[in-house]
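A.B. asks: So the sequences go chain by chain: A and B. Be aware that the first sequence starts at 0, since it is given in numbering that gives the first Met the number 0, and climbs by one per residue. Be aware that the second sequence starts at 0, since it is given in numbering that gives the first Met the number 0, and climbs by one per residue.
There are 2 protein chains.
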Amino acid sequence: MRTSIATVSLSGSLTEKLTAAARAGFDGVEIFENDLLASPLAPEEIRARCADLGLGIDLYQPMRDIEAVPAEEFARNLRRARHKFELMRRLGADTVLVCSSVSPSAVDDDALAAEQLSRLADLAREHGIRVAYEALAWGRHVSTYDHAWRIVEAAGHPALGTCLDSFHILSRGSDPRGVEDIPGEKIFFLQLADAPLLAMDVLQWSRHYRCFPGQGGFDVTGLVRRVLATGYDGPLSLEVFNDVFRQAEAGPTAVDARRSLLVLQEALGAAGPPAPVVPTGVAFAELVTPDAEPLTALLGALGFTRTARHRGKPVDLWQQGEARILVNTGPAVRRDGTGLAAVGLESPDPAGAARRAEALLAPVLPRRRAPGDVPLEAVAAPDGTELFFCATGRPGLPDWRADFEDTGRAPRPGGVRRIDHLALTQPWHHFDEAALFHRSVLGLRAQESVDVADPYGLQRSRAVTDDDGSVRIVLSVGAAPADDTVHAQHIALATDDVVAAARRFRAAGGRLLPIPANYYDDLAARHDLGEEELAAYRDLGILYDRDAHGVFRHCYTRTVGRVFFELCQRDGGYRGYGAPNAAVRLAAQHAVARPTGG
Amino acid sequence: MRTSIATVSLSGSLTEKLTAAARAGFDGVEIFENDLLASPLAPEEIRARCADLGLGIDLYQPMRDIEAVPAEEFARNLRRARHKFELMRRLGADTVLVCSSVSPSAVDDDALAAEQLSRLADLAREHGIRVAYEALAWGRHVSTYDHAWRIVEAAGHPALGTCLDSFHILSRGSDPRGVEDIPGEKIFFLQLADAPLLAMDVLQWSRHYRCFPGQGGFDVTGLVRRVLATGYDGPLSLEVFNDVFRQAEAGPTAVDARRSLLVLQEALGAAGPPAPVVPTGVAFAELVTPDAEPLTALLGALGFTRTARHRGKPVDLWQQGEARILVNTGPAVRRDGTGLAAVGLESPDPAGAARRAEALLAPVLPRRRAPGDVPLEAVAAPDGTELFFCATGRPGLPDWRADFEDTGRAPRPGGVRRIDHLALTQPWHHFDEAALFHRSVLGLRAQESVDVADPYGLQRSRAVTDDDGSVRIVLSVGAAPADDTVHAQHIALATDDVVAAARRFRAAGGRLLPIPANYYDDLAARHDLGEEELAAYRDLGILYDRDAHGVFRHCYTRTVGRVFFELCQRDGGYRGYGAPNAAVRLAAQHAVARPTGG
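(1) Let me check understanding here. Comparing Cα to Cα, which of F564/A, V440/A, R593/A, S475/A lies closest to G213/A?
(2) Spell out whether any CB of chain B is found under 8 Å from the CB atom of H167/A.
(3) What separation, rounded to the nearest whole angstrom, lies between the Cα atoms of E184/A and A523/B?
(4) G626/A CB to nearest chain B CB: under 8 Å?
(5) List the residues of chain B whose Cβ lies closer than 7 Å to the Cβ of G172/A, in chain order.
(6) Please tell me whether P349/B has its Cβ less than 8 Å away from any Cβ of chain A.
(7) Alpha carbons only, please: which of R149/A, P157/A, P426/A is nearest the one belonging to V130/A?
(8) For R89/A, which of helix, strand or coil comes out of DSSP?
(9) Out of D180/B, R149/B, G138/B, point me to the one whose CA is closest to R171/B's CA.
(10) Would you say D200/A lies against chain B (beta-carbon separation less than 8 Å)?
(11) Quick one: Cα of T484/A to Cα of H428/A, how far?
(12) With a threshold of 16 other CB atoms inside 10 Å of the CB of R355/A, please say whether the residue is buried or exposed.
(13) Specify the secondary structure class of P61/A as computed by DSSP and reduced to three states.
(14) Is there at least one Cβ from chain B nearer than 8 Å to T359/A's Cβ?
(15) Would F388/A pass as a contact of L344/A if the rule is Cβ separation under 8 Å?
(16) Would you say G250/A faces chain B, with C-beta separation under 8 Å as the test?
(17) From the beta carbon of V583/B, is the nearest beta carbon of chain A less than 8 Å away?
(18) Report the three-state DSSP secondary structure of E179/A (helix, strand or coil).
(19) Span of the beta strand (DSSP E) holding W317/B?
(20) Can you tell me the Cα-Cα spacing of A390/A and D398/A, whole angstroms?
(21) What did DSSP end up calling G577/A once you bin it into helix, strand or coil?
(22) Would the beta-carbon of S38/B fall within 8 Å of that of N517/A?
(23) With a 10 Å radius around its C-beta and 16 neighbouring C-beta atoms as the bar for buried, classify D482/A as buried or exposed.
(24) Count Cβ pairs between the stretch 19-37 of chain A and the stretch 52-68 of chain A that sit closer than 8 Å; are there 3 or more?
(25) Mind listing the chain A neighbours of S38/B? Cutoff is C-beta to C-beta under 7 Å, in chain order.
(26) Any beta carbon from chain A within less than 8 Å of L197/B's own beta carbon?
(27) Determine, using beta carbons only, whether N33/B comes closer than 8 Å to chain A.
(28) Considering only DSSP beta bridges, list what C49/A is partnered with.
(29) Grab the span of the beta strand (DSSP E) containing Q446/B for me, first residue to last.
(30) From G268/A to S173/A, what distance separates their C-alpha atoms?
(31) Which residues of chain A have a Cβ atom closer than 7 Å to the Cβ of G456/B, listed in chain order?
(32) Identify every run of the alpha helix (DSSP H) within the stretch 114-153 of chain B, keeping only runs that are complete inside it and at least 4 residues long; order them along the chain.
(33) Just to confirm before moving on: does the CB-CB distance between A341/A and V451/A stay below 8 Å?
(34) Which residues, in order along the stretch 70-94 of chain B, keep a beta-carbon less than 9 Å from a beta-carbon of chain A?
(35) Quick check: is the beta carbon of D466/B nearer than 8 Å to any beta carbon in chain D?
(36) Of all the options V281/B, G311/B, Q488/B, which has the alpha carbon lying nearest to the alpha carbon of R323/B?
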């Protein structure tokens, strides 16, 4: 299936857009007129550039306000069209998009629209060009795909067909079943965009909030299935207007875009990537730090034991229960302080997981870091976090622990059972990409996005998990690009008794994040908790939440570099991450970081 | 009239919010519950802090999901309320906001709502507290102010009144005339917010897009007039949820907020600032630069003459027609490269203009920079640009030119007549403030905002002008905070013949911004221009626009530091600034700045 992307979906100059589209593996592009106007390249040069890059020019777009207008205005429109058809000849583009008119001078007269579109198609045919007529969701008289098709059908012109756009169809709530009544050869083009389900003015929604398929709330797959059922064999082409993509680097956006189409094609049952291999647990989290001392003091107080050391690198393995933390003091690439650099995911088929990741355009990392290392499958997530596919203690598969030498110390039985979840702050421009990546590459499920009020800006966060909660990753993003580095990453450790675990931590010299007394007064007002229980929470800084399933209790360590730990206790099938407490936690962290803020 | 602001409207910790509100001159605050919960200060400490700052605590808010629920749930709600009333006693707050319920368990029963609110008011009265019941625009059963009032009226309880919120009333399109039917003493509180007129889900609209009065599209003034007509004599209190303000520094936001209320009070005819003194022209634009050479070469090529030099400072005056540019190479405060630091505005009453600016909270600058300087009235705009109120050549008033000594060179007659407009990039967080500032402080009119597609992000821009276009300032803002420094400021110079002016500039060695040939092909398709005319535009890089009134032709110089010049020709009463060409201009500027982008 041919894939294409509109240049308006990517940031930068036309050259940058074309390069990014080609590198991400698209077959073709739609040239957005404004990108051409702003380019110093002549149409012939653009054509040559595309040919060099292996890109077809699948569409030139858009022509606006053409049809159903008074004769004199239509004559001017034909004059303008002639210029554009001449341009398209130089460009080597053979299909033009005509949007339904939004002009105040357009009249509600389908017969006139059909007649004028026919005349436009006559002119187009002389230039070897096909006209694809599309209903804008906010078109003045023609705003639904079936209406546009009735006009095209009435015109009955071989050079006139329709263009379908998933946004225009699904944003209007049109019944997509009618698509199947259109003969495939009369669907000249198919544009795809998803969008979050917002109740807002459809024009603004379209201009600012479109996203790639699978990143919004539309059933784009269902629509494409219907279009393919008609016999349509043109490109699946992405046309996404989005404030974020306008600012983001074109390269990663193009990869994100193409991945969305690969996932869509898989959902359609068309040739797809290798099947997902869902991880079954977290093998380890790897922290890099220029100075191990603060981290190891923290891990020690949390009850972790340094059980092993890497044979060839300055990497220690700290363990408690099934929770394993690697502390890497080597010359890591990301040496900007202490941070979370890698996550090991337990995988029933590490090689298969890596093959899928690669097919879905994740950068594959070298299998061996150094001679002698156990070969490990690993890829990079969009935020740069390295994901290792591990088979800890699985016979017949390489075990990452073979690279480590035991210190002779066994993990002490402590309160921590395993890693409950990992919270990773995402680069601002790639939050939706991160969710789609984790969902598609790892086969995890994305939960709903939630907004969290930080005292200095709003945060969005979204969890991706497997079915039984063995792997839980919380992706979050700050309020603005500048905030990328403000918000820390964290590792949440599962306990069966968070009060006991917190007490042990404190007795071992650990410092918990202090939570304001006002929070506990409010807790007392909202929930009927025992006095002793409440006193313990207040004393330790334990936060409390309830959902329909159960109860969540959690507390936080102080931050080291960009990393902190959470101790948590999940009871009765609680599914969340304590989001209602996040504002209080963030304020407390700011208060510690800048005490003058008070 | 007492002014107040909700702590949720400001960024930071509670202490930071209170400090900012007090410094901006507010009389009181609404304490937003989440701000209190996140604060390490005990309620008594918050009370003391407010007292120290001279702030009253005018409202505690909100209590939610109280009324019209089953008895058992209501009992729990009363228990919760008792805790909150106890807290309010410690805080010294005597009015609590109760929002209409959004709970799924609330029933549509006004009598039950009235009865339960009465019982809540009984409990409140025991604590010396009044309950202000407000209809949320998205309340489950009560979503309009008149409905909330009917319930309050039915309850007939002395400790129960209503709270009016301009957003909830005006966003629903409710008829505000009904406000006058409510007895003033039963309006316990008045919250004010404006908002841009967006067609979107009202909850999201409220949470993310509220703004200060005068910065949106609501008739807040009209509503307040009606409320005051009832005899209401409580505070005018701002409650604004806004993604931008959450991130912006609290201090400037509080000043912006208070200014909006001062302007509102003026519109109401209540005690207000001195009357506006509308500027009648641009006296000068002052550029600071560490290296005068590139600027002076540019000014020379544009036809300017160095006519005078400051007697005490390294500042040169360049003049052509009525356009005057100061080039300051002194140790200016803003020494981060070449930029526009100050604007001189012709004022019929400089002292009056400064008095108004000061009353509207603009920082007043010292009248004399150095001993011997002519005393000049000046204030700082929100972006830091210094605004001087000048009386060039006006008898009886100090003339700024007296500080300058003539070089003996007279300005040559050239193509430039005067400064057509100044384009100033605004700090990201203060775009709406800038428009309100220029409108209110200077008495200019704000035009509609327009979006402009930069290849690397979307820009918004908005012009403020006087009635006859003698003073035109275009405020613009980048797509994201990180972009603050990306976009340049510019000075547009009015000519009667832009083709001739551009040719002269080029002949004098000036370099014009090259515009892609594709732009001119499109111009030929859209407009019926003569071949010679089009050839001249193409040759010089002149852009072309038309509106309902006339024609605009303009071209640009290369950028020096953060500054560039525009040569323009306005014919037939054209009112805009060539916005349709901005995307092409921005792309051309990026192409010059990073030619590899192509």
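Don't be surprised by glycine CBs; every beta carbon is placed ideally from N, CA and C. Quantities reported herein were computed from a predicted structural model and do not represent experimental measurements.
C.D. replies: The relevant details are as follows:
(1) In the first sequence, residue 213/A corresponds to position 214, counting from 1. The option with the nearest alpha carbon to G213/A is V440/A.
(2) In the first sequence, counting from the first residue as 1, residue 167/A sits at position 168. Chain B contact via Cβ: absent.
(3) Numbered from 1 along the first sequence, position 185 holds the residue referred to as residue 184/A. Numbered from 1 along the second sequence, position 524 holds the residue referred to as residue 523/B. E184/A and A523/B have their alpha carbons spaced roughly 34 Å apart.
(4) With chain A covering 0 to 597 only, the question about residue 626/A has no answer from this structure.
(5) Working through the first sequence from its first residue, we reach residue 172/A at position 173. Result: empty, since nearest Cβ-Cβ is about 15 Å, beyond 7 Å.
(6) As a working note, residue 349/B is residue 350 in the second sequence. No, its Cβ sits nowhere closer than 8 Å to a Cβ of chain A.
(7) Within the first sequence, the letter at position 131 stands for residue 130/A. The candidate whose alpha carbon is nearest that of V130/A is P157/A.
(8) Along the first sequence, one-based indexing puts residue 89/A at 90. Note: R89/A maps to helix in three-state DSSP.
(9) Counting from one through the second sequence, the residue named residue 171/B turns up at place 172. Closest option to R171/B, Cα to Cα, is G138/B.
(10) For the purposes of this step, residue 200/A is identified with residue 201 of the first sequence, where counting begins at 1. D200/A counts as touching chain B.
(11) Reading the first sequence from its first residue, position 485 is the one you call residue 484/A. Reading the first sequence from its first residue, position 429 is the one you call residue 428/A. With a pLDDT of 42 at T484/A, under the threshold of 50, the modelled position of that residue is not reliable, and the figure given next carries that caveat. Approximately 13 Å between the Cα atoms of the pair.
(12) Position 356 of the first sequence, counted from the first residue, corresponds to residue 355/A. Answer is buried; the Cβ neighbour count reaches 16.
(13) Here residue 61/A refers to the residue found at position 62 of the first sequence. Strand at P61/A.
(14) Numbered from its first residue, the first sequence carries residue 359/A at position 360. Just to set this straight, residue 359/A is Leu in the shown sequence, not Thr. With 8 Å as the cut-off, L359/A does not count as an interface residue toward chain B.
(15) Taking the first residue of the first sequence as position 1, residue 388/A is located at position 389. Taking the first residue of the first sequence as position 1, residue 344/A is located at position 345. A contact, by the Cβ cut-off of 8 Å.
(16) Residue numbering aside, residue 250/A sits at position 251 when the first sequence is read from its first letter. Not an interface residue.
(17) One-based indexing of the second sequence puts residue 583/B at position 584. It does: the Cβ of V583/B has a partner Cβ on chain A nearer than 8 Å.
(18) Looking up residue 179/A in the first sequence gives position 180. Three-state DSSP puts E179/A in a helix.
(19) The count along the second sequence starts at 1 and reaches residue 317/B at position 318. Where W317/B is concerned, the enclosing beta strand (DSSP E) stretches over 314-319.
(20) Reading the first sequence from its first residue, position 391 is the one you call residue 390/A. Reading the first sequence from its first residue, position 399 is the one you call residue 398/A. Near 6 Å, if we compare the C-alpha coordinates of D398/A and A390/A.
(21) Locating residue 577/A in the first sequence gives position 578, where the first residue counts as 1. Looking at G577/A - three-state DSSP - the assignment turns out to be coil, as it is neither helix nor strand.
(22) Within the second sequence, the letter at position 39 stands for residue 38/B. Within the first sequence, the letter at position 518 stands for residue 517/A. Yes. Within cutoff.
(23) Taking the first sequence and counting its residues from 1, one reaches residue 482/A at position 483. Residue placement at D482/A is flagged as unreliable, the pLDDT there being 48, under the threshold of 50; a coordinate-derived value is accordingly withheld.
(24) yes
(25) Working through the second sequence from its first residue, we reach residue 38/B at position 39. Neighbours of S38/B on chain A, chain order: P515, N517.
(26) For the purposes of this step, residue 197/B is taken as residue 198 along the second sequence, with counting starting at 1. Yes, its Cβ sits closer than 8 Å to a Cβ of chain A.
(27) Within the second sequence, numbered from 1, the residue matching residue 33/B stands at position 34. So yes, N33/B belongs to the interface.
(28) Counted from its first residue, the first sequence places residue 49/A at position 50. C49/A pairs with nothing; no bridge assigned.
(29) Along the second sequence, one-based indexing puts residue 446/B at 447. Neither: Q446/B is in no beta strand (DSSP E) and is coded neither H nor E.
(30) Residue 268/A sits at position 269 when you count from the first residue of the first sequence. Residue 173/A sits at position 174 when you count from the first residue of the first sequence. Looking at the two C-alpha atoms, the distance is approximately 25 Å.
(31) For the purposes of this step, residue 456/B is taken as the residue at position 457 of the second sequence. The contacting residues are R245, Q246.
(32) none
(33) Counting from 1 along the first sequence, the entry for residue 341/A is found at position 342. Counting from 1 along the first sequence, the entry for residue 451/A is found at position 452. The Cβ-Cβ distance between A341/A and V451/A does not fall below 8 Å.
(34) R75, R78, R79, A80, R81, H82, K83, E85, L86
(35) The chain inventory of the structure shown lacks chain D, comprising the protein chains A and B.
(36) As a working note, residue 323/B is residue 324 in the second sequence. When each option's Cα is compared against that of R323/B, the closest is V281/B.
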